[in-house]
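Participant:
In the working numbering, the protein residues as written are 345 to 765.
(1) Give the C-beta separation of residue 696 and residue 761 to the nearest angstrom, bearing in mind that I take them to be a contact with Cβ-Cβ under 8 Å.
(2) Hey, would you say residue 748 sits closer than 8 Å to residue 692, going by beta carbons?
(3) Taking only runs that begin and end inside the stretch 399-467, name each unbroken alpha helix (DSSP H) of 4 or more residues, in chain order.
(4) Tell me whether residue 376 counts as near the ligand FAD, meaning its Cβ is closer than 7 Å to at least one heavy atom of that ligand.
(5) Rounded to whole angstroms, how far is the Cβ of residue 602 from the Cβ of residue 399, which I believe are closer than 8 Å?
(6) Measuring only the C-alpha atoms, how far is residue 634 from residue 759?
(7) In the DSSP assignment, find the unbroken alpha helix (DSSP H) run with residue 683 in it and report its ends.
(8) Can you tell me whether residue 532 is buried or exposed, with buried defined as 16 or more other CB within 10 angstroms of its CB?
(9) Which residue marks the beginning of the alpha helix (DSSP H) containing residue 394, and which one marks its end?
(10) For the alpha helix (DSSP H) containing residue 358, list its first residue and its last residue.
(11) What is the DSSP secondary structure of residue 537, counted as helix, strand or coil?
(12) Under the assumption that residue 709 contacts residue 519 (Cβ atoms under 8 Å), give the Cβ distance between them as a whole number of angstroms.
(13) Quick check: the Cα distance between residue 347 and residue 542, rounded to an integer number of angstroms?
(14) Indicate the three-state DSSP secondary structure (helix, strand or coil) for residue 379 in the structure shown.
(15) When DSSP labels each residue in this structure, what does residue 666 get in the three-state scheme?
(16) With distances taken Cα to Cα, identify the nearest neighbour of residue 439 among 421, 419 and 462.
(17) Measuring only the C-alpha atoms, how far is residue 751 from residue 744?
(18) Where do the N-terminal and C-terminal ends of the alpha helix (DSSP H) with residue 578 fall, by residue?
(19) Taking just the CA atoms, how far does residue 355 sit from residue 746?
(20) Tell me which same chain residues have a C-beta within less than 6 Å of the C-beta of residue 352, skipping the five on either side of it?
(21) Write down the C-beta distance between residue 655 and residue 620 rounded to the nearest angstrom, noting that I regard them as a contact closer than 8 Å.
(22) When DSSP labels each residue in this structure, what does residue 647 get in the three-state scheme?
(23) Is it buried or exposed, residue 672, if we count other Cβ atoms within 10 angstroms and call 16 or more buried?
(24) Quick check: what's the CA-CA separation for residue 613 versus residue 669?
(25) On a Cα-Cα basis, can you pick out the residue from 374, 373, 419 and 588 that is closest to residue 717?
(26) My understanding is that residue 413 touches residue 465, with C-beta atoms under 8 Å, so please give their C-beta distance in whole angstroms.
(27) Run the CB neighbour count on residue 579, radius 10 Å, all protein chains shown included, and call it buried at 16 or more, exposed below.
(28) Do the stretch 498-506 and the stretch 423-441 make contact, defined as three or more Cβ pairs closer than 8 Å?
(29) Could you check what DSSP says for residue 351 in three-state terms: helix, strand or coil?
(30) Along the chain, which unbroken stretches of the alpha helix (DSSP H) at least 4 residues long are found entirely within the stretch 728-757?
(31) Report all residues from its chain with a CB closer than 6 Å to the CB of residue 447; omit the five preceding and five following residues, and keep chain order.
(32) So the candidates are 660, 628 and 361; which of them puts its Cα closest to the Cα of residue 500?
(33) For the candidate residues 661, 407 and 538, whose alpha-carbon lies nearest to that of residue 455?
(34) Taking only the alpha-carbon atoms, compute the straight-line gap between residue 366 and residue 490 and give it to the nearest angstrom.
(35) Taking the alpha helix (DSSP H) that residue 520 falls in, what are its first and last residues?
(36) If you count every other CB in all the chains shown that lies within 10 Å of the CB of residue 636, and 16 or more means buried, which is it?
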């Protein structure tokens, strides 16, 4: 391990470890990509579920558990170190594909998603925090863009692959066999090659340069966890705006995950085309973040978040009024672009505001709200779909997404150090 007096912040200085963490996060994304196309179809085909609320229960369990895991991941990584939390997350992920392959009832699938939520919360949060540790303050947007690019491109490719495997070999077991390799490789890399990065954050916190550039509320002592929770959730205008936008973003993602495959197969699209539309959304999302993360370092955070929420709302709305493969594919592309504008920018904004000493905890609180959106979105869209039909549910979620952008426009202050003076 490097001694703290030999620490150098920045992407170039830490490119090898940063690249390794990108690869690890790609395996994290691939684990959740296993489910994006196939699991909603298994609910009806293998277990006879008709109620959309019951079908989306696997996303509710995933979202609740992932949100709580995010919260504890941030706090525990401050106390125990990053690497231990990353390894623990992979241990929870190992049984997931096997549980789905051999599930004799829907309850097994729901339980698998409890474990997947822990895996995603601990592993994804920790890789985010470790990359922030390594790069320092000047390249946060780029770092988050690269992180989310790797994760969501892997989601896309995994969703596409599982859809084609399902079309050729059936819904189980073939689509979930790659997940065994994803989990084993992610765990092996984390155990044997990933290094601890917590001391990079301590180095940054002690830097006089960082202190002079900080534009965030902070007390002379590290705030308590309760204070961080309140500050990130409500007391700081920017962090409140970011937290609610993150929650609504994943609220609409939970709806897309659960309802879109059902909507598209109901329109008699073959599973392969459903998989392509389902993969286009996270694929565009992932690739676009190579650009949007860097742009937020140049242009600032606030208006990229506003624009992203409104483009998402447009893409969701087009799903309701469109018909046919190519129009639905266009809707998915718009949704991916909007999400790419928002996703790395929200994380960078939290990092702008939070002091390095408590930044991991603040990221954990933000991700609590953000991934709690999965549970809220799945529950709300399932209830609306059962009561009013799938198109009405999708339209309602699109309206909430637009409103979230309005809140950011009216409440958030610019957080980028070069833009808020």
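Backbone N, C-alpha and C define an ideal beta-carbon position, used for all residues, glycine too.
Here the structure is a predicted model, which means the values were calculated and not measured.
Facilitator: The answer reads as follows:
(1) Indexing the chain shown from 1 puts residue 696 at position 352. Indexing the chain shown from 1 puts residue 761 at position 417. The Cβ separation is near 7 Å, so the contact holds.
(2) As a working mapping, residue 748 is identified with position 404 in the chain shown. As a working mapping, residue 692 is identified with position 348 in the chain shown. Contact flag unset, no.
(3) 401-424, 426-437 and 440-446
(4) In the structure on display, the ligand FAD does not appear, and there are no ligands present to speak of.
(5) Walking along the chain shown from the start, residue 602 turns up at place 258. Walking along the chain shown from the start, residue 399 turns up at place 55. Residue 602 to residue 399, Cβ: 7 Å. Contact.
(6) Here the question's residue 634 lines up with position 290 in the chain shown. Here the question's residue 759 lines up with position 415 in the chain shown. Rounded to whole angstroms, residue 634 to residue 759 spans 21 Å at the Cα level.
(7) The sequence position of residue 683 within the chain shown is 339, counting from 1. 669-697 is the extent of the alpha helix (DSSP H) around residue 683.
(8) By one-based count along the chain shown, residue 532 stands at place 188. By the neighbour-count rule (16 or more Cβ atoms within 10 Å), residue 532 is not buried but exposed.
(9) Your numbering for residue 394 matches position 50 in the chain shown. That residue, residue 394, is in no alpha helix (DSSP H); it is neither H nor E in DSSP.
(10) Counting from 1 along the chain shown, the entry for residue 358 is found at position 14. Taken as a continuous stretch (DSSP letters only), residue 358 belongs to no alpha helix (DSSP H), as it is neither H nor E.
(11) If you number the chain shown from 1, residue 537 lands on position 193. In this structure, residue 537 counts as coil in the three-state DSSP scheme.
(12) Looking up residue 709 in the chain shown gives position 365. Looking up residue 519 in the chain shown gives position 175. 34 Å between Cβ atoms; not a contact.
(13) Locating residue 347 in the chain shown gives position 3, counting from the first residue. Locating residue 542 in the chain shown gives position 198, counting from the first residue. Since pLDDT at residue 347 reaches only 49, below the 50 mark, its modelled position is unreliable, and the value read off the structure follows with that caveat. So the two alpha carbons sit approximately 12 Å from each other.
(14) In the chain shown, residue 379 corresponds to position 35, counting from 1. Of the three classes helix, strand and coil, the one that applies to residue 379 here is coil, per DSSP.
(15) Numbered from its first residue, the chain shown carries residue 666 at position 322. Correct three-state label for residue 666: coil.
(16) Walking along the chain shown from the start, residue 439 turns up at place 95. The shortest C-alpha separation from residue 439 is found at 462.
(17) Counted from its first residue, the chain shown places residue 751 at position 407. Counted from its first residue, the chain shown places residue 744 at position 400. Between residue 751 and residue 744, the C-alpha separation is close to 11 Å.
(18) Residue mapping note: residue 578 aligns to position 234 of the chain shown, counting from 1. Where residue 578 is concerned, there is no enclosing alpha helix (DSSP H), given that its DSSP letter is neither H nor E.
(19) Locating residue 746 in the chain shown gives position 402, where the first residue counts as 1. Locating residue 355 in the chain shown gives position 11, where the first residue counts as 1. C-alpha separation (whole angstroms): 35 Å.
(20) Within the chain shown, the letter at position 8 stands for residue 352. Closer than 6 Å at Cβ, skipping near neighbours: no residue.
(21) Numbered from 1 along the chain shown, position 311 holds the residue referred to as residue 655. Numbered from 1 along the chain shown, position 276 holds the residue referred to as residue 620. That belief does not hold up - the Cβ atoms of residue 655 and residue 620 are roughly 21 Å apart, past 8 Å.
(22) Here residue 647 refers to the residue found at position 303 of the chain shown. Correct three-state label for residue 647: helix.
(23) For the purposes of this step, residue 672 is taken as residue 328 along the chain shown, with counting starting at 1. Answer is buried; the Cβ neighbour count reaches 16.
(24) Here the question's residue 613 lines up with position 269 in the chain shown. Here the question's residue 669 lines up with position 325 in the chain shown. C-alpha separation (whole angstroms): 8 Å.
(25) Along the chain shown, read from residue 1 onward, the residue named residue 717 stands at position 373. Residue 588 is the option with its Cα nearest to residue 717.
(26) Here the question's residue 413 lines up with position 69 in the chain shown. Here the question's residue 465 lines up with position 121 in the chain shown. Correct: roughly 3 Å between the Cβ atoms.
(27) Start at 1 with the first residue of the chain shown, and residue 579 comes out as number 235. It is exposed - the Cβ of residue 579 has fewer than 16 other Cβ atoms within 10 Å.
(28) no
(29) Translated into positions along the chain shown, residue 351 becomes position 7. In this structure, residue 351 counts as coil in the three-state DSSP scheme.
(30) 734-755
(31) The count along the chain shown starts at 1 and reaches residue 447 at position 103. Taken in chain order, the residues that qualify are 453.
(32) Here the question's residue 500 lines up with position 156 in the chain shown. Comparing Cα-Cα distances from residue 500 to each of 660, 628 and 361, the minimum goes to 628.
(33) Mapped onto the chain shown, residue 455 falls at position 111. Selected option, being the one with the closest Cα: 407.
(34) Indexing the chain shown from 1 puts residue 366 at position 22. Indexing the chain shown from 1 puts residue 490 at position 146. Looking at the two C-alpha atoms, the distance is approximately 7 Å.
(35) Position 176 of the chain shown, counted from the first residue, corresponds to residue 520. Note, residue 520: premise wrong, no alpha helix (DSSP H); not H, not E.
(36) The sequence position of residue 636 within the chain shown is 292, counting from 1. Buried: at least 16 other Cβ atoms inside 10 Å.
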